[in-house]
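Let me begin by presenting the structure, written as C-alpha coordinates, before commenting on it.
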Amino acid sequence: MDNVAEITACLEDFFGVPQWNGRGNPLSSMIKTILSQNTNDKNRDMAYHRLKERYPDWSLLLDEPTSDIADTIRPAGLANQKSERIQKFLHWIVERTGELNLDFLCEMQPDHAIETFTQLKGIGIKTIAVVLMFTCGVDIFPVDTHVHRICRKLNLVPENASAEKTHFLMQPLVPDGKSFSLHMNFLKLGRTICKARQPLCGKCPIAHLCPSRQTAS
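Those letters in the sequence shown? Residues 242 to 458, by this note's numbering.
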(Lines of atoms letter the chains of each structure in order from A and count residues from 1; the text may use other names and numbers.)
(Lines give C-alpha, C1' and ligand atoms only; values in the text may rest on other atoms or scores of the structure.)
Protein backbone atom coordinates (compact mmCIF):
# COMPACT_ATOMS: atom_id res chain seq x y z
CA MET A 1 0.00 0.00 0.00
CA ASP A 2 2.88 2.38 0.75
CA ASN A 3 4.10 1.93 -2.82
CA VAL A 4 0.66 2.75 -4.24
CA ALA A 5 0.42 5.78 -1.96
CA GLU A 6 3.78 7.03 -3.26
CA ILE A 7 2.69 6.42 -6.87
CA THR A 8 -0.54 8.32 -6.23
CA ALA A 9 1.32 11.26 -4.71
CA CYS A 10 3.90 11.41 -7.52
CA LEU A 11 1.19 11.42 -10.17
CA GLU A 12 -0.72 14.16 -8.35
CA ASP A 13 2.44 16.25 -8.21
CA PHE A 14 2.96 15.74 -11.93
CA PHE A 15 -0.58 15.85 -13.35
CA GLY A 16 -2.44 17.56 -10.52
CA VAL A 17 -5.34 16.33 -8.39
CA PRO A 18 -8.32 15.46 -10.64
CA GLN A 19 -11.58 17.08 -9.62
CA TRP A 20 -14.80 15.06 -9.56
CA ASN A 21 -17.59 16.81 -11.47
CA GLY A 22 -20.29 15.92 -8.96
CA ARG A 23 -23.16 13.48 -8.97
CA GLY A 24 -24.71 12.74 -12.34
CA ASN A 25 -27.55 10.66 -13.75
CA PRO A 26 -26.80 6.97 -13.08
CA LEU A 27 -29.11 5.70 -15.83
CA SER A 28 -27.61 7.89 -18.54
CA SER A 29 -24.14 7.07 -17.24
CA MET A 30 -24.81 3.34 -17.42
CA ILE A 31 -26.04 3.57 -21.01
CA LYS A 32 -23.01 5.65 -21.99
CA THR A 33 -20.67 3.19 -20.27
CA ILE A 34 -22.22 0.22 -22.08
CA LEU A 35 -21.66 2.11 -25.34
CA SER A 36 -18.01 2.65 -24.36
CA GLN A 37 -17.22 -1.07 -24.24
CA ASN A 38 -14.58 -2.10 -26.80
CA THR A 39 -14.41 1.31 -28.47
CA ASN A 40 -12.79 4.70 -27.98
CA ASP A 41 -14.22 7.83 -26.38
CA LYS A 42 -14.87 9.56 -29.71
CA ASN A 43 -17.00 6.72 -31.08
CA ARG A 44 -18.79 6.31 -27.75
CA ASP A 45 -19.67 9.99 -27.60
CA MET A 46 -20.88 10.02 -31.19
CA ALA A 47 -23.15 7.02 -30.56
CA TYR A 48 -24.46 8.48 -27.31
CA HIS A 49 -25.23 11.83 -28.94
CA ARG A 50 -27.12 10.08 -31.75
CA LEU A 51 -29.04 8.00 -29.23
CA LYS A 52 -30.05 11.01 -27.12
CA GLU A 53 -31.03 12.98 -30.19
CA ARG A 54 -33.30 10.21 -31.50
CA TYR A 55 -34.59 9.09 -28.08
CA PRO A 56 -34.67 12.14 -25.77
CA ASP A 57 -36.41 10.02 -23.11
CA TRP A 58 -34.93 6.61 -22.31
CA SER A 59 -38.44 5.16 -21.97
CA LEU A 60 -38.71 5.41 -25.75
CA LEU A 61 -36.15 2.60 -25.99
CA LEU A 62 -38.28 0.10 -24.08
CA ASP A 63 -40.43 -0.99 -27.03
CA GLU A 64 -38.23 0.15 -29.88
CA PRO A 65 -37.00 -2.57 -32.29
CA THR A 66 -33.42 -3.34 -31.30
CA SER A 67 -32.45 -3.12 -34.97
CA ASP A 68 -33.40 0.59 -34.94
CA ILE A 69 -31.44 1.16 -31.75
CA ALA A 70 -28.48 -0.65 -33.29
CA ASP A 71 -28.57 1.58 -36.38
CA THR A 72 -28.49 4.62 -34.12
CA ILE A 73 -25.50 3.51 -32.05
CA ARG A 74 -23.55 1.99 -34.94
CA PRO A 75 -20.49 4.27 -34.44
CA ALA A 76 -19.80 2.60 -31.08
CA GLY A 77 -19.33 -0.82 -32.66
CA LEU A 78 -20.95 -4.11 -31.62
CA ALA A 79 -24.22 -2.28 -32.22
CA ASN A 80 -26.52 -5.31 -32.30
CA GLN A 81 -25.09 -6.64 -29.05
CA LYS A 82 -25.12 -3.29 -27.27
CA SER A 83 -28.65 -2.42 -28.37
CA GLU A 84 -29.97 -5.66 -26.87
CA ARG A 85 -28.00 -5.16 -23.66
CA ILE A 86 -29.28 -1.61 -23.21
CA GLN A 87 -32.90 -2.55 -23.82
CA LYS A 88 -32.79 -5.59 -21.55
CA PHE A 89 -31.15 -3.50 -18.85
CA LEU A 90 -33.92 -0.89 -19.06
CA HIS A 91 -36.58 -3.59 -18.78
CA TRP A 92 -34.76 -5.05 -15.78
CA ILE A 93 -34.87 -1.68 -13.98
CA VAL A 94 -38.61 -1.31 -14.62
CA GLU A 95 -39.26 -4.85 -13.40
CA ARG A 96 -37.16 -4.24 -10.28
CA THR A 97 -38.39 -0.78 -9.29
CA GLY A 98 -41.62 -0.15 -11.20
CA GLU A 99 -40.08 2.88 -12.90
CA LEU A 100 -37.21 3.79 -15.19
CA ASN A 101 -34.92 5.25 -12.56
CA LEU A 102 -31.46 4.11 -11.49
CA ASP A 103 -30.87 6.62 -8.69
CA PHE A 104 -31.00 3.80 -6.14
CA LEU A 105 -27.62 2.62 -7.40
CA CYS A 106 -25.83 5.48 -5.63
CA GLU A 107 -27.32 4.42 -2.30
CA MET A 108 -26.14 0.80 -2.57
CA GLN A 109 -23.06 -0.59 -0.89
CA PRO A 110 -20.40 -1.01 -3.63
CA ASP A 111 -19.99 -4.76 -3.03
CA HIS A 112 -23.74 -5.27 -3.22
CA ALA A 113 -23.96 -3.17 -6.37
CA ILE A 114 -21.21 -5.22 -8.03
CA GLU A 115 -22.85 -8.48 -7.01
CA THR A 116 -26.26 -7.33 -8.26
CA PHE A 117 -25.37 -5.70 -11.55
CA THR A 118 -22.72 -8.13 -12.76
CA GLN A 119 -25.40 -10.79 -12.91
CA LEU A 120 -26.80 -8.89 -15.88
CA LYS A 121 -25.43 -9.75 -19.30
CA GLY A 122 -23.10 -7.10 -20.63
CA ILE A 123 -22.38 -5.42 -17.30
CA GLY A 124 -19.03 -6.38 -15.84
CA ILE A 125 -17.12 -5.09 -12.86
CA LYS A 126 -15.46 -2.32 -14.86
CA THR A 127 -18.80 -1.02 -16.15
CA ILE A 128 -20.49 -0.85 -12.77
CA ALA A 129 -17.34 0.52 -11.11
CA VAL A 130 -17.09 3.32 -13.67
CA VAL A 131 -20.68 4.39 -13.02
CA LEU A 132 -20.24 4.18 -9.25
CA MET A 133 -17.08 6.28 -9.33
CA PHE A 134 -17.88 8.90 -11.98
CA THR A 135 -21.59 9.32 -11.30
CA CYS A 136 -22.07 8.46 -7.65
CA GLY A 137 -18.72 9.57 -6.27
CA VAL A 138 -17.98 6.18 -4.71
CA ASP A 139 -14.37 5.56 -3.69
CA ILE A 140 -13.95 2.61 -6.05
CA PHE A 141 -11.11 1.88 -8.49
CA PRO A 142 -12.26 0.92 -12.01
CA VAL A 143 -9.77 -1.03 -14.10
CA ASP A 144 -9.84 -0.30 -17.82
CA THR A 145 -7.27 -1.19 -20.48
CA HIS A 146 -4.75 1.54 -19.56
CA VAL A 147 -5.09 1.03 -15.82
CA HIS A 148 -4.77 -2.75 -16.15
CA ARG A 149 -1.63 -2.47 -18.26
CA ILE A 150 0.04 0.03 -15.93
CA CYS A 151 -0.79 -1.95 -12.78
CA ARG A 152 0.93 -4.97 -14.29
CA LYS A 153 3.94 -2.97 -15.49
CA LEU A 154 4.40 -1.62 -11.99
CA ASN A 155 4.16 -5.17 -10.60
CA LEU A 156 1.27 -4.09 -8.40
CA VAL A 157 -0.55 -7.20 -9.60
CA PRO A 158 0.69 -10.41 -11.25
CA GLU A 159 1.41 -10.23 -14.97
CA ASN A 160 -1.28 -12.81 -15.69
CA ALA A 161 -3.97 -11.10 -13.57
CA SER A 162 -7.20 -10.41 -15.43
CA ALA A 163 -8.75 -6.94 -15.32
CA GLU A 164 -11.38 -8.27 -12.92
CA LYS A 165 -8.74 -9.79 -10.65
CA THR A 166 -6.77 -6.55 -10.81
CA HIS A 167 -9.80 -4.63 -9.54
CA PHE A 168 -10.06 -6.81 -6.43
CA LEU A 169 -6.30 -6.81 -5.81
CA MET A 170 -5.89 -3.05 -6.23
CA GLN A 171 -8.88 -1.80 -4.27
CA PRO A 172 -7.38 -2.43 -0.80
CA LEU A 173 -4.04 -0.95 -1.91
CA VAL A 174 -5.39 2.40 -3.08
CA PRO A 175 -5.28 5.01 -0.28
CA ASP A 176 -8.67 5.99 1.10
CA GLY A 177 -10.32 8.69 -0.97
CA LYS A 178 -7.79 8.38 -3.80
CA SER A 179 -9.49 5.96 -6.20
CA PHE A 180 -10.71 8.73 -8.52
CA SER A 181 -7.35 10.50 -8.50
CA LEU A 182 -5.30 7.39 -9.19
CA HIS A 183 -7.68 6.11 -11.88
CA MET A 184 -7.73 9.42 -13.76
CA ASN A 185 -3.98 9.96 -13.49
CA PHE A 186 -3.25 6.41 -14.61
CA LEU A 187 -5.41 7.17 -17.66
CA LYS A 188 -3.40 10.33 -18.37
CA LEU A 189 -0.16 8.45 -17.88
CA GLY A 190 -1.23 5.62 -20.17
CA ARG A 191 -2.37 7.94 -22.93
CA THR A 192 0.54 10.37 -22.91
CA ILE A 193 3.66 8.72 -21.47
CA CYS A 194 3.30 5.04 -20.58
CA LYS A 195 2.09 4.08 -24.03
CA ALA A 196 1.63 0.44 -24.90
CA ARG A 197 3.99 0.41 -27.89
CA GLN A 198 6.48 3.20 -27.23
CA PRO A 199 6.57 4.14 -23.55
CA LEU A 200 8.36 7.40 -22.84
CA CYS A 201 10.06 6.17 -19.68
CA GLY A 202 12.44 9.12 -19.58
CA LYS A 203 9.48 11.45 -19.06
CA CYS A 204 7.62 9.29 -16.58
CA PRO A 205 7.12 10.75 -13.09
CA ILE A 206 7.07 7.28 -11.53
CA ALA A 207 9.87 5.67 -13.54
CA HIS A 208 11.90 5.30 -10.35
CA LEU A 209 9.13 3.08 -8.98
CA CYS A 210 8.66 1.02 -12.14
CA PRO A 211 10.47 -2.32 -12.49
CA SER A 212 9.50 -2.41 -16.17
CA ARG A 213 11.06 0.92 -17.12
CA GLN A 214 13.31 1.11 -20.14
CA THR A 215 16.69 2.68 -19.55
CA ALA A 216 16.59 4.58 -22.86
CA SER A 217 13.53 6.52 -24.11
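The beta-carbon is built from N, C-alpha and C at its ideal position, and this holds for glycine as well. Please read all numbers here as calculations on a predicted model, not as lab measurements.
Provide the residue span of the alpha helix (DSSP H) that contains residue i, from first to last.
i: Leu-410; result: 404 to 411
i: Gln-322; result: 320 to 338
i: His-353; result: 351 to 358
i: Asn-426; result: 420 to 433
Note down the Cα distance separating residue i from residue j, rounded to an integer number of angstroms.
i: Gly-265; j: Thr-368; result: 15 Å
i: Trp-299; j: Leu-343; result: 12 Å
i: Tyr-296; j: Leu-302; result: 7 Å
i: Asn-396; j: Lys-362; result: 31 Å
i: Ile-314; j: His-449; result: 43 Å
i: Asn-401; j: Cys-392; result: 11 Å
i: Thr-307; j: Asn-279; result: 19 Å
i: Trp-333; j: Gly-443; result: 49 Å
i: Asp-304; j: Glu-294; result: 17 Å
i: Asn-284; j: Leu-292; result: 12 Å
i: Ala-354; j: Trp-261; result: 21 Å
i: Pro-399; j: Phe-409; result: 12 Å
i: Val-379; j: Val-245; result: 19 Å
i: Glu-340; j: Gly-263; result: 24 Å
i: Asn-281; j: Lys-429; result: 15 Å
Take residue i and list the residues in its own chain whose beta-carbon comes closer than 7 Å to its own, dropping the five residues that flank it on each side.
i: Ala-404; result: Lys-367, Val-384 and His-389
i: Ala-311; result: Ala-320, Asn-321 and Ser-324
i: Ser-270; result: Val-372, Phe-375 and Thr-376
Please confirm whether residue i and residue j have their CB atoms less than 8 Å apart.
i: Met-349; j: Phe-421; result: no
i: Pro-460; j: Ile-381; result: This structure cannot settle anything about residue 460, because the visible part of the chain is limited to 242 through 458.
i: Ile-434; j: Leu-423; result: no
i: Ile-272; j: Ile-327; result: yes
i: Leu-268; j: Tyr-289; result: no
i: His-387; j: Gly-318; result: no
i: Leu-331; j: Cys-377; result: no
i: Thr-357; j: Gly-365; result: no
i: Lys-394; j: Ser-453; result: yes
Starting from the C-beta of residue i, find all residues in its chain whose C-beta is less than 6 Å away, skip the five residues before and the five after it, and write them out in chain order.
i: Met-287; result: Pro-316
i: Ala-370; result: Ile-381 and Pro-383
i: Pro-446; result: Cys-251 and Phe-255
i: Met-425; result: Pro-259
i: Arg-438; result: none
i: Gln-455; result: Cys-442
Using a Cβ-Cβ cutoff of less than 8 Å, which residues in the same chain neighbour residue i once the five nearest sequence positions on both sides are dropped?
i: Thr-274; result: Thr-368, Val-371 and Val-372
i: Glu-253; result: Ser-422 and Asn-426
i: Val-335; result: Leu-303 and Leu-341
Check the Cβ-Cβ distances between residue i and every residue of chain C, and say whether any is below 8 Å.
i: Tyr-289; result: Of the protein chains in the structure, only one exists, and it is not chain C.
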